[in-house]
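First comes the structure, then the notes that go with it.
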Amino acid sequence: MLGQQILSGLATGSLYALTAIAVVVVFRNTRTINLAQGDFAMIGAFLGVIFLKQWGLNYYAMLLLVVACCMLLGAVVERVVMRPVADSDWLTLFTTTIGVYYILHGVAGWIWGRDTKAFPVAFDATPIDIFGALISEGHLYNMGVALLIGAALWWFFTKTKQGIAMRAVTDDPETAYLMGIPVRFIVLLTWVMAGFIAGFVGILTAPIIYVSPEMMDEILIKGYVAAVFGGLYSFRGAIMGALLIGVAENLAGGYLGSHFKTVTAFVMIVGLLAFRPQGLVGIQRRRTI
Amino acid sequence: MTEHLRCESIRVTFGGVVACDNLSLSVPKGKIVGLIGPNGAGKTTLFNVLTKFQPYDRGHVYYEGVPVDDRRAHHMVHMGMARTFQNIHLFKHQTTLRNIMTGGHVLMGDPLRAMFWLPEARRREREIEARALEIAEILRLTAELDSEVGALPYGMQKRVELGRALASKPTILLLDEPVAGCNDDETGELQTLIAEVNKEMGITVLLVEHDMKMVMQVCDYIYVINFGANLAEGTPDVVRANPEVIAAYLGVEDDE
Amino acid sequence: MTDQTTTDTFGARPTDGIRRHAAVTSLKRRFVRNDLIASAIFFTALLVLPVLPAVKGWMLSQGSLIIIYIIAALGVLVLVGFTGLVSVGHGGFLAIGAYTSALLTAHFQVDLLVGIVAGMLMAGLFGAMLALVFLRLSGAFMAIGTLGFAFFIGTMVNNVPLFQGRDGILLDSNVVLGIEIGDHGFFYVSMVCLILVTLFIFCLINSGTGRALMALRDAEEAARASGIDRMKYRTLAFTVSAAITGIAGALNAHVVNYVSAEVYADIWYSVDILMAVVVGGSTVIFGPFLGGVFVVMLPFFLEQLADFSFIIKGVVLILVLRFAPAGIAELLLRPIKNARRRMLRQAGGSTV
Numbered sequence: 000m001l002g003q004q005i006l007s008g009l010a011t012g013s014l015y016a017l018t019a020i021a022v023v024v025v026f027r028n029t030r031t032i033n034l035a036q037g038d039f040a041m042i043g044a045f046l047g048v049i050f051l052k053q054w055g056l057n058y059y060a061m062l063l064l065v066v067a068c069c070m071l072l073g074a075v076v077e078r079v080v081m082r083p084v085a086d087s088d089w090l091t092l093f094t095t096t097i098g099v100y101y102i103l104h105g106v107a108g109w110i111w112g113r114d115t116k117a118f119p120v121a122f123d124a125t126p127i128d129i130f131g132a133l134i135s136e137g138h139l140y141n142m143g144v145a146l147l148i149g150a151a152l153w154w155f156f157t158k159t160k161q162g163i164a165m166r167a168v169t170d171d172p173e174t175a176y177l178m179g180i181p182v183r184f185i186v187l188l189t190w191v192m193a194g195f196i197a198g199f200v201g202i203l204t205a206p207i208i209y210v211s212p213e214m215m216d217e218i219l220i221k222g223y224v225a226a227v228f229g230g231l232y233s234f235r236g237a238i239m240g241a242l243l244i245g246v247a248e249n250l251a252g253g254y255l256g257s258h259f260k261t262v263t264a265f266v267m268i269v270g271l272l273a274f275r276p277q278g279l280v281g282i283q284r285r286r287t288i
Numbered sequence: 000m001t002e003h004l005r006c007e008s009i010r011v012t013f014g015g016v017v018a019c020d021n022l023s024l025s026v027p028k029g030k031i032v033g034l035i036g037p038n039g040a041g042k043t044t045l046f047n048v049l050t051k052f053q054p055y056d057r058g059h060v061y062y063e064g065v066p067v068d069d070r071r072a073h074h075m076v077h078m079g080m081a082r083t084f085q086n087i088h089l090f091k092h093q094t095t096l097r098n099i100m101t102g103g104h105v106l107m108g109d110p111l112r113a114m115f116w117l118p119e120a121r122r123r124e125r126e127i128e129a130r131a132l133e134i135a136e137i138l139r140l141t142a143e144l145d146s147e148v149g150a151l152p153y154g155m156q157k158r159v160e161l162g163r164a165l166a167s168k169p170t171i172l173l174l175d176e177p178v179a180g181c182n183d184d185e186t187g188e189l190q191t192l193i194a195e196v197n198k199e200m201g202i203t204v205l206l207v208e209h210d211m212k213m214v215m216q217v218c219d220y221i222y223v224i225n226f227g228a229n230l231a232e233g234t235p236d237v238v239r240a241n242p243e244v245i246a247a248y249l250g251v252e253d254d255e
Numbered sequence: 000m001t002d003q004t005t006t007d008t009f010g011a012r013p014t015d016g017i018r019r020h021a022a023v024t025s026l027k028r029r030f031v032r033n034d035l036i037a038s039a040i041f042f043t044a045l046l047v048l049p050v051l052p053a054v055k056g057w058m059l060s061q062g063s064l065i066i067i068y069i070i071a072a073l074g075v076l077v078l079v080g081f082t083g084l085v086s087v088g089h090g091g092f093l094a095i096g097a098y099t100s101a102l103l104t105a106h107f108q109v110d111l112l113v114g115i116v117a118g119m120l121m122a123g124l125f126g127a128m129l130a131l132v133f134l135r136l137s138g139a140f141m142a143i144g145t146l147g148f149a150f151f152i153g154t155m156v157n158n159v160p161l162f163q164g165r166d167g168i169l170l171d172s173n174v175v176l177g178i179e180i181g182d183h184g185f186f187y188v189s190m191v192c193l194i195l196v197t198l199f200i201f202c203l204i205n206s207g208t209g210r211a212l213m214a215l216r217d218a219e220e221a222a223r224a225s226g227i228d229r230m231k232y233r234t235l236a237f238t239v240s241a242a243i244t245g246i247a248g249a250l251n252a253h254v255v256n257y258v259s260a261e262v263y264a265d266i267w268y269s270v271d272i273l274m275a276v277v278v279g280g281s282t283v284i285f286g287p288f289l290g291g292v293f294v295v296m297l298p299f300f301l302e303q304l305a306d307f308s309f310i311i312k313g314v315v316l317i318l319v320l321r322f323a324p325a326g327i328a329e330l331l332l333r334p335i336k337n338a339r340r341r342m343l344r345q346a347g348g349s350t351v
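Protein chains in written order, with numbering that gives the first Met the number 0: chain A, 0 to 288; chain B, 0 to 255; chain C, 0 to 351.
So this is what it looks like as structure tokens:
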């Protein structure tokens with residue numbers, strides 16, 4: 000029972016982790032808390048429904064196409080909406096993403112309606128036995144994909160030229176610019192990456208909670224909380240926080256009753272912010288925000 | 000001669016770097032005391048320790064003989080200590096008058112009464128305004144009362160900051176490089192003002208300054224520190240003649 | 000030398016010149032927030048509304064709704080505009096005000112006015128508690144923390160049996176001082192609340208307390224050097240802000256005599272309120288007035304196209320932030336302000 004709770008907690012936690020990574024990437028490079036991160040994923044999920052049902056694509060082609068569309072969406076948002084206000088204070092940047100949130104929300108509701116839709120991919124409900132703990136196929140699949148994406152991002156940040164340039168921009172945009180790093184391109188890339196992650200998150204989440212304009216709201220908030228665990232800066236802290244939230248809320252839900260499940264994240268963030276406002280992982284150097 | 004402000008064996012470290020090591024000084028009531036030393040000697044750090052802006056690892060600060068180690072910066076203001084900053088901290092988008100009136104915050108009393116405009120609070124508010132206007136006149140800022148301070152010339156901003164500090168009815172005033180970046184005229188003007196503040200209002204002054212000529216002219220007593228430690232102290236004549244002080248300053252000039 | 004002598008040397012007896020100047024400057028200071036006049040014009044317009052023969056019941060409740068939104072947004076204004084803090088969680092305080100008043104009315108049949116005061120106090124209490132937790136945070140962290148708070152309240156409302164979840168609590172019609180009031184009466188009650196809140200905020204920002212808040216907003220070091228206790232003033236601002244939004248919440252429960260998780264568990268309520276402030280303008284009292292009208296009237300005009308109004312909201316928000324970051328009210332009031340400044344400069348010049 001306990002092992003099972005922890006395992007499925009890790010599975011939900013991995014979705015929070017992906018969202019948190021996207022939030023951190025964008026915040027590190029642009030000082031923007033992206034409120035529309037969840038909506039990128041939501042749009043992705045709706046597109047997934049269309050590609051599968053109307054276009055009759057198979058799952059992998061759909062996934063590829065959805066991720067591509069979300070990356071494009073990220074790029075468009077950066078170029079059209081965020082770039083003109085890029086030099087403003089963080090509140091302006093934040094409220095601008097609220098605008099994006101409204102628009103994406105409205106577009107989704109307008110085109111596809113407010114009703115929830117079932118995602119036409121169902122995983123076999125028969126649980127699989129892993130070391131005595133039972134876990135559903137869907138959860139296992141989600142964890143696997145999350146791990147793969149995590150590995151891909153790690154590779155990107157440590158091995159590729161763009162990834163290393165992106166870290167340079169995070170540390171010191173001015174110097175990076177003087178060193179000839181195309182800062183604007185890197186910022187664009189940041190948003191594309193946010194879209195990339197969102198695409199996966201959308202498709203992974205859709206089979207669990209149905210597809211609707213509000214589907215991502217809860218995951219987004221948990222993702223934020225997880226990002227705060229890493230001081231909005233550290234990936235490691237964010238991932239740890241996300242898994243911690245996933246497990247803790249699952250345990251609270253299992254042992255204390257479902258009322259407590261959704262409250263867990265808030266209790267955790269209050270505790271964290273009250274005692275360690277700099278995040279779980281100590282950060283030596285924090286930019287003022 | 001009673002003592003106004005004193006610190007004992009102050010030690011401050013940043014990471015592993017020792018900024019102040021075993022620094023002590025004492026400021027007598029009613030005097031102008033100078034704190035000098037080469038760049039990086041720890042003057043501003045010590046200054047921030049005295050005003051409680053900077054936490055310290057070891058040592059004690061006494062205000063009018065009472066230890067104030069557990070007091071916060073804003074408490075010190077209520078006890079009669081006012082300060083200025085090396086690189087001017089003002090409310091840049093507010094008017095000169097508002098800046099000086101904000102300095103009079105300690106006279107405001109209970110914020111709850113103030114925000115409901117109770118009669119008592121309004122009386123205090125008028126008092127703060129009248130005082131701010133007087134200070135502005137003394138500092139020759141009357142013509143600029145309604146200008147945004149961010150747009151004023153540098154020397155004038157220095158005076159506004161002095162006004163902000165004076166508005167809290169201080170008994171001791173700590174000035175961090177009051178004439179840094181000022182031209183000769185502005186320096187002369189500020190020097191006169193500082194002397195006036197001390198003589199006519201009876202306010203004790205402690206100042207950190209680079210401008211030797213000004214320090215020697217205006218101060219009653221001088222402390223010299225170097226590498227975070229006390230180097231020398233005495234009246235201006237004594238300090239001027241001290242060979243160690245001369246060496247310390249010459250050493251710095253070599254670097255630059 | 001003692002403090003006393005200091006005061007004496009430096010004491011009262013201002014010269015005639017100073018006294019004359021004091022008169023001019025108090026006049027000036029009174030006009031710094033001249034948007035009070037704009038608000039007054041707005042009030043007059045609203046006051047005429049119920050008397051017009053063509054006005055029907057639904058228009059009145061729409062009017063009440065606008066007033067409620069303005070009050071909620073004024074609560075946020077105290078934080079965003081004058082303290083430099085941000086809250087994405089004021090929907091939580093709205094819910095606290097609403098449920099406090101609704102439960103009191105449902106179980107004890109209290110007077111509407113009692114409900115409003117109770118809602119205000121309860122929200123203020125929660126605001127103070129939240130402040131103590133969150134006040135060490137800055138900017139982005141505080142935004143996320145407050146968003147988490149709104150989410151927390153939403154979950155509570157949805158799950159705790161006392162609040163009856165999505166079924167909601169149905170309330171009897173409103174009673175003020177023993178007399179049952181209809182839509183007209185309710186409109187006037189909301190109106191009085193709005194006027195009181197507006198006057199209070201005007202007093203607040205033109206008092207020493209407001210000066211201290213703005214000092215903290217503009218330059219924290221200088222504020223500390225002026226003896227301003229950051230924690231104390233921020234807690235105060237947070238409490239006041241929450242309490243004001245609590246009033247709006249209580250009114251919101253009674254405008255339709257119904258509260259349910261359907262409405263209050265929606266955390267984007269909070270975002271809407273913040274948006275009203277940002278679009279309307281966060282530097283002037285009149286800002287939330289415009290923002291409130293905008294946020295309420297837009298979905299009303301586009302009732303058939305609720306989602307389309309979302310899109311318009313988004314576009315307007317982005318455009319305002321890009322082209323008039325200080326908000327629409329500031330844009331409208333700027334010419335008046337400039338004219339007045341010119342006038343006063345001449346007046347000041349002739350006296351000094």
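Cβ coordinates follow ideal geometry from the N, Cα and C atoms, glycine included.
- Not a single CB atom of chain C sits nearer than 8 Å to the CB of A:S7.
- Of all residues in the stretch 218–248 of chain C, only A218, E219, E220, A221, A222, R223, A224, S225, G226, I227, D228, R229, K231, Y232, L235, V239 place a beta-carbon less than 9 Å from a beta-carbon of chain B.
- Interface residue (Cβ-Cβ distance to chain C less than 8 Å): A:P119 is not classified as such.
- Against B:I127, the close residues of chain C are G207, in the order they occur along the chain (beta-carbon pairs closer than 8 Å).
- Nearest Cα to A:L243 within the set A:I202, A:L1, A:Y15, A:D128: A:Y15.
- The beta carbons of A:V262 and C:T154 sit closer together than 8 Å.
- Closest option to C:F81, judged by alpha-carbon separation, among C:K336, C:L289, C:L59, C:A211: C:A211.
- Between the C-alpha atoms of B:A240 and C:L136 there is a straight-line separation of about 51 Å.
- For a Cβ distance threshold of 7 Å, residue set M114, F115, W116 of chain B lies close to C:C202, ordered along the chain.
- With contacts defined by Cβ atoms closer than 8 Å, B:V207 and B:F46 form a contacting pair.
- DSSP places C:P298 inside the alpha helix (DSSP H), whose first and last residues are 285–300.
- Neighbours of B:S25 in chain C, taken as residues at a C-beta separation under 8 Å, are lacking, since the least C-beta distance is about 18 Å.
- Contact check for C:A37 against C:F299 fails: the beta carbons are separated by 8 Å or more.
- Close CB contacts of B:H3 within its chain, under the 7 Å cut and outside five residues either way in sequence, are with V26, P27, K28, E63, I171, T203 (chain order).
- The C-beta of C:T43 has fewer than 16 other C-beta atoms within 10 Å across all chains shown, which makes the residue exposed.
- For the set C:M213, C:A249, C:L289, C:P324, the Cα lying nearest the Cα of C:I40 is the one of C:L289.
- For A:W190, the closest Cβ of chain C is not nearer than 8 Å.
- Just so you know, the alpha carbons of C:T104 and C:A242 end up roughly 19 Å apart.
- Scanning chain B for C-beta atoms nearer than 9 Å to the C-beta of C:A211 yields T101, H104, M107, P110, A113, reported in chain order.
- Rounded to the nearest angstrom, the gap between the Cα atoms of C:T99 and C:A264 is 15 Å.
- The straight-line gap separating the alpha-carbon atoms of C:D306 and A:D114 is approximately 13 Å.
- Within chain C, the residues G147, F150, F151 have their CB atoms less than 9 Å from the CB of A:A264, given in chain order.
- By the Cβ-count criterion, A:W153 is exposed, with fewer than 16 other Cβ atoms from all chains shown falling within 10 Å of its own Cβ.
- B:L172 is outside the set of residues whose beta carbon lies under 8 Å from a beta carbon in chain C.
- Under the 8 Å criterion on CB atoms, C:A127 is classed as non-interfacial with respect to chain B.
- Ranking B:I224, B:T234, B:F226 by CA distance to the CA of B:Q216 puts B:T234 first.
- No Cβ of chain A is located within less than 8 Å of the beta carbon of C:G290.
- In chain order, Q85, D175, V207 place their CB closer than 7 Å to the CB of B:T43, counting only its own chain and leaving out the 5 sequence neighbours on each side.
- The way I'd put it, the stretch 164–177 of chain C does touch the stretch 253–271 of chain C; three or more beta-carbon pairs between them come closer than 8 Å.
- Contact between C:I266 and C:A149 holds: their C-beta atoms lie close to 5 Å from each other, under 8 Å.
- Distances from the alpha-carbon of C:F186 to those of C:W57, C:H106, C:A275 put C:W57 closest.
- For the 8 Å CB-CB criterion, A:L219 and A:V23 do not form a contact.
- Fully enclosed beta strand (DSSP E) runs of no fewer than 3 residues occupy 16–27 of the stretch 4–32 of chain B, in order along the chain.
- Identification of chain B residues near C:A214 by a Cβ-Cβ cut-off of 7 Å yields F90, T101, ordered along the chain.
- With its beta carbon less than 8 Å from one in chain A, C:P324 belongs to the interface.
- Under the DSSP assignment, B:D175 falls in the beta strand (DSSP E) whose first and last residues are 171–175.
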